[in-house]
Amino acid sequence: HVESLEPFLPCPKDSDGKVIVNKTGMGSSAALVTSIVGALLQFFGASSLPMIDQEVTAGKENHHEDGLRIAHNLAQICHCYAQGKVGSGFDVSSAVFGSHVYTRFSKSIINKFIEDVEVRNESVKDGLSLAETDSTQLLALVTDADQKWDCTVQPINLPKGLELLMADVCGGSESPSMARKILEWKKQNRETGFLTGYYWKDLKRCNKKIASLLSDQYTKKPFCDGLARDGPLIIASRTAEQWRKPMPSTWHEFDGSSWDVALQLLDLRMAFLESRQNLKGMGTAAGVPVEPDSQTVLADATMKLPGVVAAGVPGAGGYDALFVIYVKGPPTNGGKSDQVRDEIGNLWRDLSNKDDNTVVCPLSVRAAVSGGLCASSLQW
Numbered sequence: 197h198v199e200s201l202e203p204f205l206p207c208p209k210d211s212d213g214k215v216i217v218n219k220t221g222m223g224s225s226a227a228l229v230t231s232i233v234g235a236l237l238q239f240f241g242a243s244s245l246p247m248i249d250q251e252v253t254a255g256k257e258n259h260h261e262d263g264l265r266i267a268h269n270l271a272q273i274c275h276c277y278a279q280g281k282v283g284s285g286f287d288v289s290s291a292v293f294g295s296h297v298y299t300r301f302s303k304s305i306i307n308k309f310i311e312d313v314e315v316r317n318e319s320v321k322d323g324l325s326l327a328e329t330d331s332t333q334l335l336a337l338v339t340d341a342d343q344k345w346d347c348t349v350q351p352i353n354l355p356k357g358l359e360l361l362m363a364d365v366c367g368g369s370e371s372p373s374m375a376r377k378i379l380e381w382k383k384q385n386r387e388t389g390f391l392t393g394y395y396w397k398d399l400k401r402c403n404k405k406i407a408s409l410l411s412d413q414y415t416k417k418p419f420c421d422g423l424a425r426d427g428p429l430i431i432a433s434r435t436a437e438q439w440r441k442p443m444p445s446t447w448h449e450f451d452g453s454s455w456d457v458a459l460q461l462l463d464l465r466m467a468f469l470e471s472r473q474n475l476k477g478m479g480t481a482a483g484v485p486v487e488p489d490s491q492t493v494l495a496d497a498t499m500k501l502p503g504v505v506a507a508g509v510p511g512a513g514g515y516d517a518l519f520v521i522y523v524k525g526p527p528t529n530g531g532k533s534d535q536v537r538d539e540i541g542n543l544w545r546d547l548s549n550k551d552d553n554t555v556v557c558p559l560s561v562r563a564a565v566s567g568g569l570c571a572s573s574l575q576w
């Protein structure tokens with residue numbers, strides 16, 4: 197279990213002394229790039245980032261918004277350059293702004309700049325060389341002097357009583373190569389047995405449904421009060437199949453009853469199931485393991501547990517990670533965990549013990565109400 201490990205452990209090395217770093221498949225490379233960019237900007241006074249646990253006044257909030265925007269633009273450019281211009285930019289945007297619904301920026305905004313830099317650095321073996329004209333263009337792009345950046349960020353959060361759990365599954369997969377194959381398949385407009393573009397259109401519908409539930413339906417007072425009141429003891433102790441039946445405390449249905457809340461959670465569960473079906477179908481059609489069979493087995497087994505709303509493969513898909521959204525159960529371990537979280541961990545441990553080729557490790561990360569890039573004062 198990751199929480200049992202000491203922080204800042206040295207990385208293992210192979211027989212040649214090369215450091216071994218496994219990807220988690222959850223935007224770790226983007227988070228690293230964003231952190232380094234933010235730290236350098238903050239250190240040199242090029243931007244101002246919000247401090248952890250600091251109350252923000254109106255004036256400072258605007259100042260921090262400018263700082264986050266600059267950090268976002270520069271991190272996007274750095275990450276796209278490092279990954280070969282592949283990716284939606286969502287990982288970087290999440291690292292900067294926290295949980296949100298995202299619309300990507302137009303590729304044309306940074307494409308020419310990156311291509312020019314690549315041409316000038318073809319003969320450079322180590323490091324990166326920027327001409328004066330490159331630096332001027334970079335400054336204009338980062339500060340968005342021409343207001344070209346057209347990405348959108350709409351904050352979104354899980355309601356209190358729903359929790360997120362992430363798992364690292366074995367090693368990592370190459371997101372850029374997987375993304376390339378999917379995009380190539382899309383470009384070819386390959387027939388999939390349905391209408392052309394069926395998976396993309398239906399996946400978009402599912403994503404909109406999920407966003408609508410979290411940003412609208414699950415923010416209403418009856419739902420929030422019902423989840424807080426009956427979530428830990430009633431809803432979290434039952435499987436999704438049992439949610440369809442009346443709950444012991446409320447044999448009749450009314451807004452905010454345990455049964456009403458459970459039925460609304462089933463809407464989210466169904467949206468995620470449909471999303472998974474589209475992703476798996478798309479991957480099969482494109483010849484890319486977006487949701488491999490082994491991950492399907494793991495996600496399906498997890499979704500059968502009491503309290504679990506949904507489980508699936510995050511990001512670009514592959515073999516390397518899993519996410520779970522569940523109803524928080526009664527607290528355990530002094531409030532550091534809860535009964536549902538513990539049961540999920542037990543299932544993953546048992547599955548790992550049965551299969552030498554599968555190691556499912558629960559991660560300590562959680563969904564934050566307010567997240568994203570921020571500065572902190574560390575006492576070393």
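The sequence shown: position 341 = 537 (the numbering used here), numbered continuously. Using N, Cα and C, we set each Cβ at its ideal position, and we do this for glycine too.
Taking C-beta to C-beta, are Leu409 and Leu360 nearer than 7 Å?
-> no
DSSP-derived helix/strand/coil call for Met222 = coil
What's the C-alpha gap between Trp447 and Pro488?
-> Since pLDDT at Trp447 reaches only 49, below the 50 mark, its modelled position is unreliable, and no value is offered.
Does the Cβ of Arg562 have 16 or more other Cβ atoms within 10 Å, making it buried, or fewer, making it exposed?
-> exposed
Considering only residues of the region 495 to 550, which uninterrupted beta strand (DSSP E) runs meet the minimum length of 3 residues and lie entirely inside it, listed in chain order?
-> 504 to 508 and 517 to 523
Thr299 versus Gln535 - alpha carbon distance | 36 Å
Backbone CA spacing between Lys209 and Val217 [nearest angstrom] = 9 Å
Does DSSP put Glu359 in a helix, a strand or coil?
-> strand
Lys340 in three-state terms, based on DSSP = Rather than Lys, the amino acid found at residue 340 in this sequence is Asp. Residue state, collapsed to three classes: coil.
Host alpha helix (DSSP H) of Gln154 (start-end) | Lying outside 197 to 576, the shown extent of the chain, residue 154 is not represented and no answer is given.
Cβ-Cβ separation, Gln238 to Leu245 (assumed contact under 8 Å), whole Å = 5 Å
Could you spell out the range, first to last residue, of the beta strand (DSSP E) harbouring Val297?
-> His296 to Thr299
For the region 453 to 499, list the alpha helix (DSSP H) runs that are entirely contained and at least 4 residues long, ordered along the chain.
-> 454 to 482 and 489 to 499
How many angstroms separate the CA atom of Gly389 from the CA atom of Lys382?
-> At Gly389 the pLDDT is 48, less than 50, meaning the model places this residue with poor confidence and gives no usable figure here.
Stretch pair the region 396 to 416 + the region 450 to 469: three plus CB contacts closer than 8 Å = yes
Please classify Ala291: is it buried, with 16 or more other beta-carbons within 10 angstroms of its beta-carbon, or exposed?
-> buried
Leaving out five residues on either side along the sequence, give the residues of the same chain with a beta carbon under 6 Å from the beta carbon of Ala458.
-> Ile431 and Trp439
Might you give, ordered along the chain, the residues of its own chain that have their beta carbon closer than 8 Å to the beta carbon of Leu462, omitting 5 neighbours on each side?
-> Ala436, Trp439 and Arg440
How do the region 338 to 358 and the region 415 to 431 stand: do at least 3 beta-carbon pairs fall below 8 Å, yes or no?
-> yes
Asn474 burial status per 10 Å Cβ neighbour count (16 or more: buried) | buried
Close Cβ partners of Ala254 (< 7 Å) along its chain, the five nearest in sequence each way excluded = Note that Ala254 scores a pLDDT of 49, beneath 50, so its modelled location is shaky; the value from the coordinates is reported in the next line. Once the five neighbours on either side are set aside, Ala254 has no close Cβ partner at all.
From Gly483, Phe450, Lys404 and Gly525, pick the residue whose C-alpha is nearest to that of Ser471; which is it?
-> Lys404
Given 8 Å as the limit, is there contact between the region 275 to 289 and the region 333 to 342, that is, 3 or more CB pairs closer than that?
-> no
Decide if Thr498 is buried, meaning its Cβ has at least 16 other Cβ atoms within 10 Å, or exposed.
-> buried
From this set, Gly479, Val520 and Ala482, which residue's C-alpha is nearest Asp496's C-alpha?
-> Val520
DSSP state of Val561 mapped onto helix, strand, coil | coil
Can the beta-carbon of Ala278 be found less than 7 Å from the beta-carbon of Val233?
-> no
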